[in-house]
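Q: Quick one: structure below, then a few questions.
Protein chains: 4
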Amino acid sequence: MTAHMTETERFERLKRFFNNRDRLCRCLGIEVTDIGHGTASTRMVIEEKHLNGADVVQGGAIFTLADLAFGAAANSHGTLALGINMSISYTRPGISGVLTAHAHETSAAGPLSTYVVDIRDEAGETIATFQGTAYRKRDKIDLSPWG
Amino acid sequence: MTAHMTETERFERLKRFFNNRDRLCRCLGIEVTDIGHGTASTRMVIEEKHLNGADVVQGGAIFTLADLAFGAAANSHGTLALGINMSISYTRPGISGVLTAHAHETSAAGPLSTYVVDIRDEAGETIATFQGTAYRKRDKIDLSPWG
Amino acid sequence: MTAHMTETERFERLKRFFNNRDRLCRCLGIEVTDIGHGTASTRMVIEEKHLNGADVVQGGAIFTLADLAFGAAANSHGTLALGINMSISYTRPGISGVLTAHAHETSAAGPLSTYVVDIRDEAGETIATFQGTAYRKRDKIDLSPWG
Amino acid sequence: MTAHMTETERFERLKRFFNNRDRLCRCLGIEVTDIGHGTASTRMVIEEKHLNGADVVQGGAIFTLADLAFGAAANSHGTLALGINMSISYTRPGISGVLTAHAHETSAAGPLSTYVVDIRDEAGETIATFQGTAYRKRDKIDLSPWG
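If you're matching them up, the sequences are chains A, B, C and D in order.
Just so it is clear: in the first sequence, position 109 is 1196 by our numbering, and no numbers are missing.
Just so it is clear: in the second sequence, position 23 is 1110 by our numbering, and no numbers are missing.
Just so it is clear: in the third sequence, position 21 is 1108 by our numbering, and no numbers are missing.
Just so it is clear: in the fourth sequence, position 13 is 1100 by our numbering, and no numbers are missing.
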């Protein structure tokens, strides 16, 4: 029971860490909404500043939304993980409302782990699919300032 | 009922088409085992000819196993789809026994569709994750020779 | 001579279009510095707002820098091209100073074209490599407002 | 002069190692033709066994051709490098004659290195672009059996 509490608390602190310290995401209004074992979710309300020349959400904003979910999921195990490779496929434009991303771990072995991130619009349609690979270090993440 | 029969029959014919006409997969002992709506599975029994210099399955054999599942899933809707972009992340080596791949569609809109393929070893561990994007033409696939 | 002038002028207008209308890039201080035949360059001066929790440039900012170079190169031929798939590998952190990206076309045939983008730090070291695929429509880009 | 000889000899041994021990490549008729510092080239004469259901070269054969060039380039520094992530974009079909792939290193820092591979047909047209990331171990490659 205590162990479970500790883990829930750890996920909360990690969320606070990302939402306070990732300045690119703060600048773009992207936040982590949930972290679990090898999973994480993020959200972004589409604003004028996210648009490209064609008046739809710029691919870089969708990538960053997915990348934050990937980063939070990859770091959910308590040790430091660095993103080394990502790929993203876009199938629909993001136009208005809220975009969400959900990352889940497909594999973790040795120094590497892999995640698939599903990015959806407000209607629940997938607009992009992201795959990321992380390199896992042995260093613990210090979350003491975020308690 | 008839429509359902027809579809099941269409999936069977598509499977026969791939298993007969994809000569690379025949050469490598890779076969389609199942096709559904936007999904497909493939399998390969590891043999000497699949190995690389480190005596584990060469990445190209794992890619081809995943690519066949992707291709079968992308063509499951009855119109021609061409693979245009793929990415693959390897996390564990393939050593012996049977490898399987399962593709599912994450998005399909306009001329593009996207698939994630999970590649597993005999113990059920994911050894690689593949993502593929297909370009969908309007041409029907002629499966009449495979009835 | 006139044709050459026209083309130079077209590249200038396209640059103005991206630098005025891509609001994500304006927000992040990313700009197109040069466009040629199937090539483009971009730059970004690293600021506090680009950093992640580890105090290095967030991957999303590097991706957006590369993506803008890719987008400008893909649209350099005068007809509309949409980015459909990208992958990026990070090898060094971006810490301070100016980052630049240079995109060049590796292939263009039928509806698809492919670009490789090299992202470098101020010391000239490659910090990331990006690959993008574009889907080319037949629509002309209207650059008349940017003359 | 001696040092240069030694390196040339090392590249020759590495080439022999790949061409003898990579059994997938032997099965598919793919061979390393050249290895340098962070570079390598491969070739494959298109045969019936490489074709897919549409009678063009199956994507898996093109991937394997590129992957061997990537693997040889990544291992050219004398220490073991493992491929962890690859992406490939196809723009033209491979139909007949000889296909070649050329890999060059775009970045190498710490445990990671990145390569871009250009795959061309006999007419010199790029048919696919491949990007690969390798994880570099400290282990030396034992090439003594290949002298």
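Ideal Cβ positions, reconstructed from N, Cα and C, are used throughout, including at glycine.
In angstroms with no decimal places, state the Cα-to-Cα distance between residue 1126 of chain A and residue 1166 of chain C.
A: Computed Cα separation, rounded: 40 Å.
Q: Identify which residue in B/1121, B/1117, B/1145 has its Cα closest to the Cα of residue 1163 of chain B.
A: Ranking B/1121, B/1117, B/1145 by Cα distance to residue 1163 of chain B puts B/1121 first.
Q: Compute the beta-carbon to beta-carbon distance between residue 1111 of chain A and residue 1158 of chain C, rounded to the nearest angstrom, for a pair I have assumed lies under 8 Å.
A: Going by Cβ atoms, the distance from residue 1111 of chain A to residue 1158 of chain C rounds to 19 Å, so no, they are not a contact pair.
Q: State the start and end residues of the unbroken alpha helix (DSSP H) segment that holds residue 1226 of chain A.
A: Here residue 1226 of chain A belongs to no alpha helix (DSSP H); instead the beta strand (DSSP E) covers 1213-1227.
Q: Quick check on the DSSP output: what are the complete beta strand (DSSP E) runs of length 3 or more inside the segment 1095-1143 of chain B, in order along the chain?
A: Complete beta strand (DSSP E) runs here, min 3: 1117-1123, 1126-1132.
Q: Indicate the three-state DSSP secondary structure (helix, strand or coil) for residue 1155 of chain D in the structure shown.
A: It is helical.
Q: In whole angstroms, give me the CA-to-CA distance for residue 1141 of chain D and residue 1232 of chain B.
A: Cα to Cα, the separation comes out at about 14 Å.
Q: Between residue 1202 of chain D and residue 1216 of chain C, what straight-line distance do the alpha-carbon atoms span, to the nearest angstrom?
A: Going from the Cα of residue 1202 of chain D to the Cα of residue 1216 of chain C covers about 8 Å.
Q: Which class does residue 1182 of chain C belong to by DSSP, given the choice of helix, strand or coil?
A: Note: residue 1182 of chain C maps to coil in three-state DSSP.
Q: Would you please verify whether the beta carbon of residue 1129 of chain B is less than 8 Å from any beta carbon of chain A?
A: Chain A contact via Cβ: absent.
Q: Please tell me whether residue 1131 of chain D and residue 1174 of chain B are closer than 8 Å, where the distance is taken between their beta carbons.
A: Cβ atoms of residue 1131 of chain D and residue 1174 of chain B: not closer than 8 Å.
Q: Tell me whether the beta-carbon of residue 1213 of chain B lies closer than 8 Å to the beta-carbon of residue 1194 of chain A.
A: Yes, the pair counts as a contact, with Cβ atoms nearer than the cut-off.
Q: So, with DSSP's three-state summary, where would you put residue 1147 of chain D?
A: Looking at residue 1147 of chain D - three-state DSSP - the assignment turns out to be helix.
Q: Within 10 angstroms of its Cβ, does residue 1179 of chain D collect 16 or more other Cβ (buried), or is it exposed?
A: It is buried - the Cβ of residue 1179 of chain D has at least 16 other Cβ atoms within 10 Å.
Q: Here's the rule: buried if 16 or more other CB atoms are within 10 angstroms of the residue's CB, otherwise exposed. What is residue 1185 of chain C?
A: Residue 1185 of chain C should be labelled exposed.
Q: In angstroms, rounded to a whole number, what distance separates the CA positions of residue 1090 of chain D and residue 1098 of chain D?
A: No answer about residue 1090 of chain D holds up, because its pLDDT of 49 lies below 50 and its placement is not dependable.
Q: Any C-beta of chain C sitting closer than 8 Å to the C-beta of residue 1230 of chain A?
A: Not closer than 8 Å to any Cβ of chain C, the Cβ of residue 1230 of chain A fails to qualify, so no.
Q: Between the Cα of residue 1124 of chain C and those of C/1094, C/1134, C/1105, spot the shortest distance and give me the residue it belongs to.
A: Nearest of C/1094, C/1134, C/1105 to residue 1124 of chain C, Cα basis: C/1094.
Q: Consider the Cβ of residue 1154 of chain C: report whether some Cβ of chain A lies at a distance smaller than 8 Å.
A: Output row for residue 1154 of chain C: interface = yes.
Q: Go to residue 1036 of chain A, then tell me how far its beta strand (DSSP E) extends in each direction, as first and last residue.
A: In the structure displayed, chain A extends from 1088 to 1234; residue 1036 of chain A sits before or after that span and is not available.
Q: Buried or exposed, going by whether 16 or more other CB atoms sit within 10 Å of the CB of residue 1227 of chain C?
A: So residue 1227 of chain C ends up on the exposed side.
Q: Tell me whether residue 1089 of chain D sits in a helix, a strand or coil according to DSSP, three-state version.
A: With a pLDDT of 45 at residue 1089 of chain D, under the threshold of 50, the modelled position of that residue is not reliable, and the figure given next carries that caveat. If DSSP states are grouped into helix, strand and coil, residue 1089 of chain D belongs with the helices.
Q: In the DSSP assignment, what residue or residues form a beta bridge with residue 1199 of chain A?
A: Its beta-bridge partners are A/1196, A/1222.
Q: Helix, strand or coil for residue 1160 of chain D? Go by DSSP, reduced to three states.
A: Of the three classes helix, strand and coil, the one that applies to residue 1160 of chain D here is helix, per DSSP.
Q: Take residue 1134 of chain B and list the residues in its own chain whose beta-carbon comes closer than 8 Å to its own, dropping the five residues that flank it on each side.
A: The residues are 1116.
Q: By alpha-carbon positions, which one of C/1220, C/1188, C/1198, C/1197 ends up nearest to residue 1207 of chain C?
A: The shortest C-alpha separation from residue 1207 of chain C is found at C/1188.
Q: Would you call the CB atoms of residue 1109 of chain A and residue 1145 of chain C closer than 8 Å?
A: For residue 1109 of chain A and residue 1145 of chain C, yes; Cβs fall inside 8 Å.
Q: Any idea which residues DSSP pairs residue 1190 of chain D with across the strands?
A: Answer by DSSP bridge pairing, in chain order: D/1127, D/1204.
Q: Which residues in the same chain have their Cβ closer than 7 Å to the Cβ of residue 1102 of chain D, if we skip the five residues on either side of it in sequence?
A: So the qualifying residues of the chain are 1119, 1122.
Q: Can you tell me whether residue 1219 of chain C is buried or exposed? The criterion is at least 16 other CB atoms within 10 Å of its CB, across all chains shown.
A: Buried, since its Cβ has 16 or more Cβ neighbours within 10 Å.
Q: May I have the straight-line CA-CA distance separating residue 1105 of chain C from residue 1170 of chain A, to the nearest angstrom?
A: Answer to the nearest angstrom: the Cα atoms are 29 Å apart.
Q: Got a sec: is the Cβ-Cβ distance from residue 1089 of chain B to anything in chain A below 8 Å?
A: Since pLDDT at residue 1089 of chain B reaches only 44, below the 50 mark, its modelled position is unreliable, and the value read off the structure follows with that caveat. It does not: the Cβ of residue 1089 of chain B has no partner Cβ on chain A nearer than 8 Å.
Q: Mind pulling the chain A residues with CB within less than 8 Å of residue 1174 of chain C?
A: Under the 8 Å cutoff, chain A gives 1172, 1173, 1174, 1175.
Q: Going by Cα to Cα distance, which pick from D/1129, D/1182, D/1211, D/1224 is closest to residue 1197 of chain D?
A: Residue 1197 of chain D has its Cα closest to that of D/1224, out of D/1129, D/1182, D/1211, D/1224.
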